[in-house]
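When you read off a place in the sequence shown, starting at 1, and then add 224, the result is the number in the numbering used here.
Quick reminder that beta carbons are idealized off the backbone N, C-alpha and C, glycines included.
First up is the structure itself, then whatever we jot down about it.
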Amino acid sequence: MLLEREPELTVLRKAVLEVESGEGALLLIDGEAGAGTTALLRELVRLGEDAGAHVLRCGGAQSERQFPLGVVRQLVLPLLAARDHLVPDASRAMLGVVSGAAGRNPGDELGTDTLASVLHGLHTALTGLSAGRTVVVAVDDLHWVDEASLRALAFLAARLDGTRVLIGVVLQDGGSSRDPLVREIADAATYRLRAEALSEQATARLMADRFGAGYDSEFAAACHDLTSGSPKELRVLLDRAQAQRLRGRAVEVERVRELGRSFRRERLLRLLRRDRVVHTFAKALVVLADQATEDLVVRLSGLSRDECAAARSVLWKARLLSGSGRLAVHDPVLTRVVTESLGAEESSRLHRAAAALLDEYGAGPEEIAVQLLHVDTVRDAWEVDQLRAAAVAARRRGAPDAAARYLRRALLDLPMAGRERADLLVELAAVEWDTDPASAVRHIEQAARLMPDHRRRAEVVSRTPLHMAGCDRRLADLVREVSARFGDPGALRGYDRELALRLEARSRYAAIQDPEALASAGDRLAELGGDAALGSGAERELCVVLMRAATLNGQVGTRPIVRMARQVLDHEPTHSAPMSAALQILPWMLLVADAGDVASSWLDAALAHAQRQTKPALAALIEAQRGLVLLGRGDIVVARECALRGLELADRDKPETMLVPAIAVGTLALELQDDTLAERVLEIAGSDTDLRMFMMRRCLRGRLAAARGDLPAALAQFIDCGRVLDRAGWVGSAVSMWQVSAALLHHRLGRREEAIELAEENHRRALAWGAPTALGRALHTRGAVIDGPKGIELLRQAVDVLHDAGSPLELSRTLVTLGKRLQSAAPAEGDQLLVRGRRLAEQAQTFSVGEHAGGLVRGVTPASAPVARSVLTRGEATVAELAARGRSNQEIAAELEISRRAVEKHLTNSYRKLGIEGRSALVAALGVHGHGQ
C-alpha cells in the first residue's frame, strides 16, 4: 500500500503509456533514503509488467562499484541466457565481453574500443527488443552504479528517441553531485518524481492499520516525530513497537522514543558504512566540531567541494546537521557514532591534522589545543608550545580548569625528569591554586626537586601563594628547606635578594604559630626600614607578614602598623591582588587598628579587577575583606551583606577559600552578637589546625553557650581559646577578645578576682596596642567587673575614648552599661545614657551609609563617593552625612548630643578634606540623596 502517492502514480502510468507509443524516455525518482523511492520503482516495474513490457532490473551497490560493467551485466545476462534469442547475433557479439566481466578484478580498466563495443551492443539489443514490445529498465541506487555502467546508461539516455524504452532510475538526495555522469543521466530525465515524507494523517492511517482505532494521538505524534514521516523508518519503528508488545498508548511514548533513538543510531551506522563520502565528511566534521568551516572540512577530509556539499545535504536531510547556515552537528548521535567508529590511530591522525590546519588558518591557541587533547602522543615542541599558549589564554579568560587540562596533556608524554617538565609543573601549579590546591602543592614539590640548582628551586617555591605556606605542612617544610639553603637576604643583592625575601616571607608565614618566630618579627620589621624599603613586591610582602606577626605578638602599636599599611597600599598595584599579602592580611589588621578606611579605595579597585576577570574565589576574598572594612567604618548593614556575599561566592569544597569569608562573618557575628550568623559559621567544615579559625570557633561556641545560659561551658571555651593562643605567642590586643568575654563570664559566676585579673591584663594589652576601640572595650570591661565609683570612672573613661574614634556599637554598649550603673546614684543621667546608648545601637545596626553611598558599598552612585568618605573620620562623616540630608547644625548637635561648636568644627574639616566650598556640595561629594532622604 502506497500512501499519499497518487500524483506520483499518475506520472508513472503516463510514462508507461507514452513510451508504448514510441516516445522513449527516462524517469527519475529522487528523495531521501527511506522515503519510498524504491517502492515507487517497484510500482513502475509492476505497471510495466501489467502493460506487457519486458522488464529488466538492476541496481548499484557501494561495495560493487569498483567492478566494471557490474550493473550492465545485471541487465544483459538474462537477455543473453534467454532461450528465445532475444538478442541478435551482432549485438551478442558486441556484448560478449560482458559475459566474462565477472572474472575482472576491481579497478581493471576497460579499453576504449571494448567499452564502445559494449555501449553499441547494449543500445542495439534494447532497441531491437523494443521493436516487439515496450522495454522497462529499472535501475535502483544510480549513485552507486560503477563508472563503466554509468557510461552505458548515459549513452542509452541520450538515444531514446524513437524507441519504446523507458529507463527508470532511483537517485538518493545528494547523489547527483558526486559524479558528472550521474548528473548527465539525471539531466536527461523526461519525467521527475520526488518521494516526499508522509504527513501526520498518513502516519495515523498506518497506526490504525497496526494498532486499530484505539491508539492514542500522542503515540502517533511521537512516531511521526521520530521518523520525520519516512515510510521505511516508520514501518520499521512500528514493527519494533509491536515486537515489544506496545499498543500505541500515550503512556508508552517514552518507550517508543527509546526504540526510535536506537533505530536512528542503526540507520546512521548503515549510512556511514554504505556511503564512504558521507562517512569521510562526517569524520572531518566531528573532529573539527565547533571550529568546522567549509574550507577546513574540505581540507581535512580530502574530499572535493562537490562531494562535501553532497554529504552535507544527506546529513542535513537526515536531521543530523544544524539548519542555521553554519556547519554544526544538530543530533549528538552523529558525534557519538562517528567517534566510536574512529580507531585510536585514525582519531589521533585526524586531530593532529586538524590542529595543523587550524594553525595555518590563524586560529587561536585554545582552538588548536582542543585538537591536541585528543592525540595519542604529544610528539614535538610545537605541540607542547601550543598547549602552553592555550593554558595562558584560558587563564586570561578566567577558565583555570581548562588551563590545567591543557598543561596536563602536555605533561603526559614528557620524560619524568628534566627542566622542561619542571617548568610545566610550575605552570600547572599556578593554575591549580584556586581550583585544586592539594595538587598544586604536589606539583610544586615535584618541580622543585627537578630543578638543577638552588636558584631555580627558590624561583619555584617563591611563586607559591603566601597563604598556602601556612595551610600545607609539606609546602611549609619545602619552603624552610629551600630558604635555609638559599641564604640570608642581607648578604644578597638584586634578583637573588628578591627571591630570598619572598622565601623569608613564606617561611615566616608558615611559622605563624611559632612563638620564637613571632618574637623576632618586631626587630626584623625595624631592619627593613621605612618607605624607601617597600619599593619591591618582595619587600612589601615580607613587611606585611612581619606586621601581622608583630601585631599578633603585641610588639607594635597601631601607629606604625597603620603608617606601614598606607605605605604598602600606596605601592601595591591592585591587579596583583590574587597573590597579594596585602589583600590576605591588611584589612583585618586595619580593622583592629580602627583604620579600615585606609584600605577601602584599594579594595574597590581590586574588586573591579576581579570582576573583570570573573574569578569567584578572588571576588569572595575581596568581598569578605570589604565586609571587615565596612564594619570598621560602622556601616553594619552593608558590611553584613558583603561578608555574606563573600561566603556565598566561596567554594565550600575548598576550605582554604572559605577561611577568610568565614572569619569575616564570624567577626560580624561576635560584634553584632548575632547567634544566627554564629551558627552559620560553625556549620562550615574546616580544620582547627588554622589558629585563626580555631579562635573564631571557640569564641562563637562560647557566645552561643552563654546565650543558652550555660555559663561554665561558655567560660571553658574562652579559657581554652586563650590557653592555646598564649602558647602560640598570640598575646597581642588584636587577638585578646577572649579575655573580655572570659572576664565578664567570671564576673557573672561570682569570681571577682579572676575577672579583674583578666580585665586588667586585657587593658595592658590594649594600652600597648593603642586602638580606640580596643582601649575603650578594655576600660568598659574593667568598669563592668569593678564595683563602686572606680568602676563608674572607668566606664566614663571608656565613653570618652570611644566617642570620637571608636566603634559605635562598643560605644552604645558602654553607654548602656554606664547608664545602668548610674540608676541608683544619678537616675536622671542614667536614664539619659540608656536612651542614648540604645538609640545609638539601633542606629548603628539599621542605618547604612551604603544605602546612599556608592563605590565601596554598592557602586551605583558617583565613583568619588567612597573615596571622599574614606578621607573623613567617623565623627566627621556622620556629621557631614546628616548635614547633606538637610539637618541644621542645632538638629545635628541635639541628635548626636554634642555641642554646636563641635558640629561646626567637623563640617569645616570635612569641607577642607573634600575640597568643596560648603554644605551644598556635600550631597554630590558623599553620594547621598539630600533633603528629606
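* To do: May I have the straight-line CA-CA distance separating Leu807 from Ile846, to the nearest angstrom?
  => By 1-based counting over the sequence shown, the position of residue 807 is 583. By 1-based counting over the sequence shown, the position of residue 846 is 622. The alpha-carbon atoms of Leu807 and Ile846 are separated by roughly 7 Å.
* Asked: If you drop the 5 nearest sequence neighbours on each side, which residues of the same chain put their C-beta closer than 6 Å to that of Leu1035?
  -> Position 811 of the sequence shown, counted from the first residue, corresponds to residue 1035. So the qualifying residues of the chain are Leu1026.
* **Residues of its chain near Gly255, where Cβ-Cβ distance is below 6 Å and the 5 sequence neighbours each way are ignored** => Along the sequence shown, read from residue 1 onward, the residue named residue 255 stands at position 31. Excluding residues within five positions, the ones whose Cβ falls inside 6 Å are Thr261, Arg418 and Ala419.
* Extent of the continuous beta strand (DSSP E) run through Ala419 -> Within the sequence shown, residue 419 is the residue found at index 195, counting from 1. Run containing Ala419: Tyr415 to Ala419, per the beta strand (DSSP E) assignment.
* Beta-carbon proximity of Ala729 to Ala654, cut-off 8 Å -> Position 505 of the sequence shown holds residue 729. Position 430 of the sequence shown holds residue 654. Going by C-beta atoms, Ala729 is not nearer than 8 Å to Ala654.
* Report the partner residues of Leu252 according to the DSSP bridge assignment. => The residue you call residue 252 lines up with position 28 of the sequence shown. Answer is Val393 and Arg416, bridged to Leu252.
* **Cα-Cα separation between Val816 and Ala874, rounded to whole angstroms** => Locating residue 816 in the sequence shown gives position 592, counting from the first residue. Locating residue 874 in the sequence shown gives position 650, counting from the first residue. Roughly 24 Å separates the two Cα atoms.
* **Through-space distance from Tyr630 to Glu644, alpha-carbon basis** => As a position in the sequence shown, residue 644 is number 420, starting the count at 1. As a position in the sequence shown, residue 630 is number 406, starting the count at 1. Distance between the alpha carbons of Glu644 and Tyr630 is about 15 Å.
* To do: Put Val369 into one of helix, strand or coil per three-state DSSP.
  => In the sequence shown, residue 369 corresponds to position 145, counting from 1. Here Val369 sits in coil by DSSP.
* Out of Leu854, Arg869 and Leu611, point me to the one whose CA is closest to Ala863's CA. => Within the sequence shown, residue 863 is the residue found at index 639, counting from 1. Comparing Cα positions, the closest option is Leu854.
* Residues near Leu973 in its chain [Cβ-Cβ closer than 6 Å; skip 5 each side] -> The residue given as residue 973 occupies position 749 in the sequence shown. Hits under 6 Å: Leu935.
* To do: Could you tell me if Gln1114 is buried or exposed, where buried requires 16 or more neighbouring beta carbons within 10 angstroms of its beta carbon?
  => Residue numbering aside, residue 1114 sits at position 890 when the sequence shown is read from its first letter. Its Cβ having fewer than 16 others within 10 Å, Gln1114 is exposed.
* Asked: Are Leu892 and Leu906 close, meaning C-beta to C-beta below 8 Å?
  -> Within the sequence shown, the letter at position 668 stands for residue 892. Within the sequence shown, the letter at position 682 stands for residue 906. For Leu892 and Leu906, no; Cβs fall outside 8 Å.
* **Cβ shell of Arg1098 (< 8 Å), same chain only, five flanking positions each side left out** => For the purposes of this step, residue 1098 is identified with residue 874 of the sequence shown, where counting begins at 1. Only Arg857, Gly858, Asp1028, Ala1029 and Pro1032 meet the Cβ criterion.
* **Minimum length 4: unbroken alpha helix (DSSP H) runs contained in the segment 616 to 650** => 624 to 636
* What is the rounded straight-line gap between the Cα of Leu226 and the Cα of Ala263? -> As a first step, residue 226 must be located in the sequence shown, where it is residue number 2. As a first step, residue 263 must be located in the sequence shown, where it is residue number 39. Roughly 8 Å between the two C-alpha positions.
* List in chain order: all unbroken alpha helix (DSSP H) runs of 4+ residues lying wholly within the segment 663 to 729. => 678 to 686, 690 to 693 and 697 to 710
* Asked: What is the DSSP secondary structure of Leu545, counted as helix, strand or coil?
  -> As a position in the sequence shown, residue 545 is number 321, starting the count at 1. Leu545: strand per DSSP, three-state reduction.
* Can you tell me where the beta strand (DSSP E) with Leu1096 in it begins and where it stops? -> Start at 1 with the first residue of the sequence shown, and residue 1096 comes out as number 872. Careful: Leu1096 lies outside any beta strand (DSSP E) and carries neither H nor E.
* Asked: Rounded to whole angstroms, how far is the Cβ of Leu319 from the Cβ of Ala349, which I believe are closer than 8 Å?
  -> The residue you call residue 319 lines up with position 95 of the sequence shown. The residue you call residue 349 lines up with position 125 of the sequence shown. Yes, Leu319 and Ala349 are in contact; Cβ-Cβ is about 7 Å, under 8 Å.
* Assigned secondary structure, Glu482 (DSSP; H/G/I helix, E/B strand, else coil) -> As a first step, residue 482 must be located in the sequence shown, where it is residue number 258. If DSSP states are grouped into helix, strand and coil, Glu482 belongs with the helices.
* **Cβ-Cβ distance between Gly472 and Asp433 below 8 Å** => Sequence index remark: in the sequence shown, residue 472 carries index 248 (1-based). Sequence index remark: in the sequence shown, residue 433 carries index 209 (1-based). The answer is no: Cβ separation not under 8 Å.
* Thinking just about the alpha-carbon of each residue, which of Thr427, Leu422, Val235 and Pro840 is nearest to the one in Arg416? -> Indexing the sequence shown from 1 puts residue 416 at position 192. Looking at the Cα atoms, Val235 is the closest of the given residues.
* From this set, Arg921, Arg916, Pro879 and Glu482, which residue's C-alpha is nearest Asp899's C-alpha? -> The sequence position of residue 899 within the sequence shown is 675, counting from 1. With distances taken between Cα atoms, Asp899 lies closest to Arg921.
* Provide the residue(s) that pair with Arg281 in DSSP beta bridges, ordered along the chain. => The residue given as residue 281 occupies position 57 in the sequence shown. Answer is Ala362, bridged to Arg281.
* Beta carbon of Glu1100 nearer than 8 Å to that of Asn1133 -> Here residue 1100 is taken as the residue at index 876 of the sequence shown, counted from 1. Here residue 1133 is taken as the residue at index 909 of the sequence shown, counted from 1. Cβ atoms of Glu1100 and Asn1133: closer than 8 Å.
* Does the Cβ of Thr563 have 16 or more other Cβ atoms within 10 Å, making it buried, or fewer, making it exposed? -> The count along the sequence shown starts at 1 and reaches residue 563 at position 339. Exposed: under 16 other Cβ atoms inside 10 Å.
* Give a yes or no on whether the C-beta atoms belonging to Val538 and Leu524 are separated by under 8 Å. => As a position in the sequence shown, residue 538 is number 314, starting the count at 1. As a position in the sequence shown, residue 524 is number 300, starting the count at 1. Not closer than 8 Å, so no.
* From which residue to which residue does the alpha helix (DSSP H) around Tyr1135 run? -> Looking up residue 1135 in the sequence shown gives position 911. Unbroken alpha helix (DSSP H) run through Tyr1135: Arg1124 to Leu1138.
* Asked: Which one of Gly258, Ala834, Val361 and Asn777 has the shortest CA to CA distance from Val295?
  -> Taking the first residue of the sequence shown as position 1, residue 295 is located at position 71. Comparing Cα positions, the closest option is Val361.
* Enumerate, from N- to C-terminal direction, the unbroken alpha helix (DSSP H) stretches of 4 or more residues contained entirely within the segment 486 to 531. => 500 to 512 and 518 to 525
* Asked: Does DSSP put Val553 in a helix, a strand or coil?
  -> As a working mapping, residue 553 is identified with position 329 in the sequence shown. Of the three classes helix, strand and coil, the one that applies to Val553 here is strand, per DSSP.
* Leaving out the 5 sequence neighbours to the left and right, which residues in its chain are closer than 6 Å to Leu377 when beta-carbon positions are compared? -> By one-based count along the sequence shown, residue 377 stands at place 153. Excluding residues within five positions, the ones whose Cβ falls inside 6 Å are Ile409.
* Asked: Taking buried to mean at least 16 other C-beta atoms within 10 Å of its own C-beta, is Gln941 buried or exposed?
  -> For the purposes of this step, residue 941 is taken as the residue at position 717 of the sequence shown. Buried: at least 16 other Cβ atoms inside 10 Å.
* Could you pull out every unbroken alpha helix (DSSP H) segment of at least 4 residues lying fully inside the segment 921 to 991, listed in chain order? => 935 to 952 and 961 to 972
* Below 8 Å on the Cβ atoms is my guess for Leu566 versus Asp555; work out the distance and round it to an integer in Å. => Sequence index remark: in the sequence shown, residue 566 carries index 342 (1-based). Sequence index remark: in the sequence shown, residue 555 carries index 331 (1-based). At roughly 18 Å, the Cβ-Cβ gap does not stay under 8 Å, so Leu566 and Asp555 are not in contact.
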